[in-house]
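The structure appears below as structure tokens.
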Amino acid sequence: MPRFNRLLITGAAGNLGSVLREGLAPLATTLRLTDRAGMGDAAAHEEIVQADVGDLGAMLDVVAECDAVVHFGAAPVEKPWEEILNSSIKGGYNVYEAARRYGIKRVVYASSIHAVGYVRREEGADTHTEHRPDTLYGLSKCFVEDLAKLYFMKFGIESALLRINSCFPEPADRRHLATWMSFRDLVQLVTRCLVAERIGCTVVYGISENRERFFSNEKAAHLGYRPQDSAEDWREEVEAKCPPGDPFDPGVEFAGGVFCNYGHPDDAE
Ligand SMILES: NC(=O)c1ccc[n+]([C@@H]2O[C@H](COP(=O)([O-])OP(=O)(O)OC[C@H]3O[C@@H](n4cnc5c(N)ncnc54)[C@H](O)[C@@H]3O)[C@@H](O)[C@H]2O)c1
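In my numbering, the protein residues as written are -14 to 254.
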């Protein structure tokens, strides 16, 4: 029997949203899908609502009658400030505020490694490490993580804050040997965050069972996430095509990788 009557996925037209659209289907009688981009036709178990997550009125309509929210709709990389402000910061606020108004009790949020991008690789971090954003993008993830903490303490909304590292079909470079997460592991992690009896307000790193890693999920064991895939399976292929970088290049020194090399997104070219 499905765990939810109606489960909402934001960012459903995106790469990860599309993976979750398929992977989370068994959990709900109805999946409600939202994005500002087109999402194709709705299957029998789906409802599709096209909307801008930065518009509170629109999001109140989208969130109504849902039992839980999987919030993945946002600027997915560094973008100009106005885009970060609307899609990621206001968008995050609108989702949590709509959840509060409708009495929704659990949100799974796609945060990012870039909330702690200025962690040195060799120092590593766990799920209690303070924020060290490497971009305005990373800063927006810090904002929504703190918003989630406020809405947990004050309004009792549980959250899983997924600091996803690099979730792609396969690892593309040497950094990904530590940061990669498979689509299968993403579906398992989001599922665990939705079905675990109590999640509180928990940060968890979105990574597969990689031999190399910058982050520890030891303090998130209550979620019961057991990654099944490993970047190790791609090591030979990746090392053959990608020569090692300079260890003192900020893109190699810090966990955030090339994002640590970016300037301000609003500076003229
Ligand atoms: N792919 C990764 O490795 C990775 C790593 C860390 C975090 N994340 C986070 O996961 C989420 C999904 O990422 P993705 O890789 O699937 O990116 P994506 O660009 O494929 O998906 C993002 C989706 O959000 C939608 N969106 C953006 N602004 C919107 C707005 N104002 N209103 C409505 N919809 C809007 C886009 O249309 C898009 O479909 C993002 O929040 C991203 O920051 C992804």
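By construction, the Cβ of each residue, glycine as well, lies at the ideal position given by its N, Cα and C atoms.
Computed from a predicted structure; not experimentally measured.
If you draw a straight line from the Cα of residue 62 to the Cα of residue 101, it comes to about 14 angstroms.
DSSP places residue 103 outside both helix and strand once states are collapsed to three, so it counts as coil. Between residue 33 and residue 3, the alpha-carbon positions lie close to 13 angstroms from each other. Counting of Cβ neighbours within 10 angstroms places residue 164 among the buried residues, the total reaching 16 or more. Taking C-beta atoms under 8 angstroms as the contact rule, residue 103 and residue 69 fail to qualify, at a distance of about 18 angstroms. Taking 6 angstroms as the cut-off, one finds at least one heavy atom of ligand 1 near enough to the beta carbon of residue 152.
Assignment of residue 114 by DSSP, reduced to helix, strand and coil, places it in the coil class. Between the alpha carbons of residue 106 and residue 91 lies a distance of about 32 angstroms. Only exposed fits residue 233, as fewer than 16 other CB atoms lie within 10 angstroms of its CB. If the five residues before and after residue 42 are omitted, its C-beta is found closer than 7 angstroms to no C-beta atom of its own chain.
For residue 35, the uninterrupted beta strand (DSSP E) run begins and ends at 31 to 35, by DSSP. Taking the C-beta atoms as reference points, residue 58 is found nearer than 7 angstroms to residue 20. If one requires a minimum length of 4 residues, the alpha helix (DSSP H) runs lying completely within the region 198 to 242 are 220 to 226 and 235 to 238, in chain order.
Within the same chain, Cβ atoms closer than 7 angstroms to the Cβ of residue 44 are found at 36, 38, 79, 80 and 83, the five residues on either side in sequence being excluded. Taking C-beta atoms as the reference points, residue 166 and residue 150 count as a pair closer than 7 angstroms. Placement of the Cβ of residue 72 at a distance of less than 6 angstroms from at least one heavy atom of ligand 1 is found. Contact annotation: residue 51 and residue -9 have beta-carbon atoms nearer than 7 angstroms. Non-local beta-carbon contacts of residue 209 in its own chain, meaning distances under 8 angstroms to residues more than five positions away in sequence, involve 177 and 181 in chain order.
Nearest in C-alpha terms to residue 197, of all of 220, 203, 205 and -1, is 220. The shortest C-alpha to C-alpha distance from residue 114 to any of 9, 130 and 222 is the one to 130. Between the alpha carbons of residue 242 and residue 160 lies a distance of about 7 angstroms.
Here the alpha carbons of residue 191 and residue 119 stand approximately 18 angstroms from one another.
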